[in-house]
Amino acid sequence: MSLKNMALSTRMIWGFGIVISLFVIAAATSLLRLNEFNDAVENLALERLPKLIAVQNYTESLLQSSRQMRDVLILDDEKEIKASILAAQTNVALRKQIYQQLEKKLTNANEQQLFEAIHSANNNYVKPEEEFLSTASKGDFSTAKDILLGKTRPAQIAYIEALKKLSQYHVSQSSQDAGLANIAYNNTLLIIISLSSIAVVVGVLAAGLIIRNVSKQLGGEPSYVAHVVNAISAGNLNTLVKLKPQYHDSLLGGVKKMQENLQQTILRVQTAVSAISTASHEIAQGNSDL
Numbered sequence: 059m060s061l062k063n064m065a066l067s068t069r070m071i072w073g074f075g076i077v078i079s080l081f082v083i084a085a086a087t088s089l090l091r092l093n094e095f096n097d098a099v100e101n102l103a104l105e106r107l108p109k110l111i112a113v114q115n116y117t118e119s120l121l122q123s124s125r126q127m128r129d130v131l132i133l134d135d136e137k138e139i140k141a142s143i144l145a146a147q148t149n150v151a152l153r154k155q156i157y158q159q160l161e162k163k164l165t166n167a168n169e170q171q172l173f174e175a176i177h178s179a180n181n182n183y184v185k186p187e188e189e190f191l192s193t194a195s196k197g198d199f200s201t202a203k204d205i206l207l208g209k210t211r212p213a214q215i216a217y218i219e220a221l222k223k224l225s226q227y228h229v230s231q232s233s234q235d236a237g238l239a240n241i242a243y244n245n246t247l248l249i250i251i252s253l254s255s256i257a258v259v260v261g262v263l264a265a266g267l268i269i270r271n272v273s274k275q276l277g278g279e280p281s282y283v284a285h286v287v288n289a290i291s292a293g294n295l296n297t298l299v300k301l302k303p304q305y306h307d308s309l310l311g312g313v314k315k316m317q318e319n320l321q322q323t324i325l326r327v328q329t330a331v332s333a334i335s336t337a338s339h340e341i342a343q344g345n346s347d348l
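In my numbering, the protein residues as written are 59 to 348.
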C-alpha cells in the first residue's frame with residue numbers, strides 16, 4: 059500500500075511510530091552503555107581502590123614499625139623505650155590482620171604472583187624483626203642495633219619494594235579502569251546524541267512528507283479548502299479558487315471542476331431560459347398581430 063492510499067491516521071501513526079521507535083532504541087542503547095559505564099565504575103570503586111588502600115595501609119604499618127624500632131635505639135628515657143617496644147609489638151599484631159585481609163582481596167593471577175613476592179619478603183622480615191624486639195626488650199641495644207642494620211633493615215627494604223610493585227600494579231589497573239569508564243561515558247553520550255539527532259531528523263522528514271502528501275490530496279491548506287467548499291456550497295459560484303498546477307487532481311481541483319461545471323450548467327440553463335422567453339414573446343406577438 060502506497061502512502062497516497064493510506065488513511066491520514068495511518069500515516070500519522072507510521073510517522074510518529076518511527077520517531078518513537080528511534081527514541082526507544084536510543085534509550086535502550088543508552089541503558090546498555092550506561093551499564094557498561096556502571097560496571098567500569100564499580101570495578102574501580104569496589105575492587106581496585108579497596109585493594110590499593112589495603113596495600114597502602116600495610117605499607118604504612120610497616121614503615122611505622124621501622125620508626126618505632128628506630129626510636130628504641132635513639133631514645134634515652136627507659137619508659138619511652140619500653141613504650142616504643144610495646145608499640146612495635148602491637149603493630150606486628152595489627153600488621154598480621156592487614157596482611158590476612160590483603161591476601162583475601164588478591165584474586166587474579168597477576169595479583170597472586172605479586173603477592174608471592176610479598177609473602178617471601180614477609181617470611182624474610184618477620185624473624186629479624188622478632189629478634190630485634192626480643193634483644194631490645196632485654197636491654198641489649200648494641201646487639202639490637204647490629205640486628206636492625208644487618209638483618210632487619212635490608213629485609214624491610216626488600217619487603218617495601220615488593221609492596222611497592224603491587225601498589226604500582228593497582229595504580230596502573232585503576233588508571234585503565236578509569237580510562238575505560240571515560241570511554242564508556244563518551245561513547246554513551248555520542249550514541250544518545252546521534253540517535254536523538256536521527257530521531258529528530260526523521261521526525262521532521264516524516265512530518266514534512268505527511269504534510270506534503272496531505273496538501274497534495276487537499277490541494278492547499280485545509281483552512282483554505284474548507285473556505286472554498288463552504289463558499290460554493292452557499293451558492294457563491296464566483297468564488298476565486300487558487301489552485302497550483304501540481305494539485306490538479308486534488309480535492310480542491312475537484313471542487314474547482316465542480317464549480318466550473320455548475321457555472322456552465324447555470325449558463326446553459328440561463329441561455330435556454332432566455333431562448334424560451336424570446337420564443338414565447340415572439341409567439342405572443344404573432345398572436346397579437348393575428
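Think of the CB as a built atom: it goes at the ideal place given N, C-alpha and C, for glycine as much as any other residue.
C-beta contact flag for residue i and residue j at 8 Å
i: residue 173; j: residue 224; result: yes
i: residue 243; j: residue 217; result: no
i: residue 160; j: residue 113; result: yes
i: residue 299; j: residue 317; result: yes
i: residue 201; j: residue 210; result: no
i: residue 235; j: residue 125; result: no
i: residue 152; j: residue 228; result: no
i: residue 283; j: residue 310; result: yes
i: residue 130; j: residue 142; result: yes
i: residue 179; j: residue 220; result: yes
i: residue 87; j: residue 249; result: yes
i: residue 308; j: residue 277; result: yes
i: residue 187; j: residue 150; result: yes
i: residue 108; j: residue 163; result: yes
First and last residue of the uninterrupted alpha helix (DSSP H) at residue i
i: residue 186; result: 167-195
C-alpha distance - residue i paired with residue j, whole-angstrom precision
i: residue 322; j: residue 338; result: 24 Å
i: residue 313; j: residue 287; result: 7 Å
i: residue 79; j: residue 85; result: 10 Å
i: residue 259; j: residue 232; result: 40 Å
i: residue 116; j: residue 89; result: 39 Å
i: residue 256; j: residue 293; result: 50 Å
i: residue 238; j: residue 95; result: 8 Å
i: residue 319; j: residue 76; result: 43 Å
i: residue 158; j: residue 214; result: 19 Å
i: residue 304; j: residue 281; result: 19 Å
i: residue 190; j: residue 93; result: 53 Å
i: residue 165; j: residue 171; result: 10 Å
i: residue 83; j: residue 254; result: 10 Å
i: residue 97; j: residue 226; result: 22 Å
i: residue 91; j: residue 240; result: 12 Å
i: residue 132; j: residue 246; result: 60 Å
i: residue 199; j: residue 185; result: 17 Å
i: residue 155; j: residue 81; result: 53 Å
i: residue 207; j: residue 140; result: 20 Å
i: residue 123; j: residue 181; result: 16 Å
Taking only runs of the alpha helix (DSSP H) that begin and end inside the segment 67-151, which ones reach a length of at least 4 residues, in chain order?
107-132, all fully within the segment 67-151.
Every unbroken alpha helix (DSSP H) inside the segment 231-314 [4 residues or more]:
You should have 280-291.
Which full runs of the beta strand (DSSP E) of 3+ residues lie inside the segment 202-233, going along the chain?
Secondary structure in the segment 202-233: no beta strand (DSSP E) run of 3 residues or longer lies completely within the stretch.
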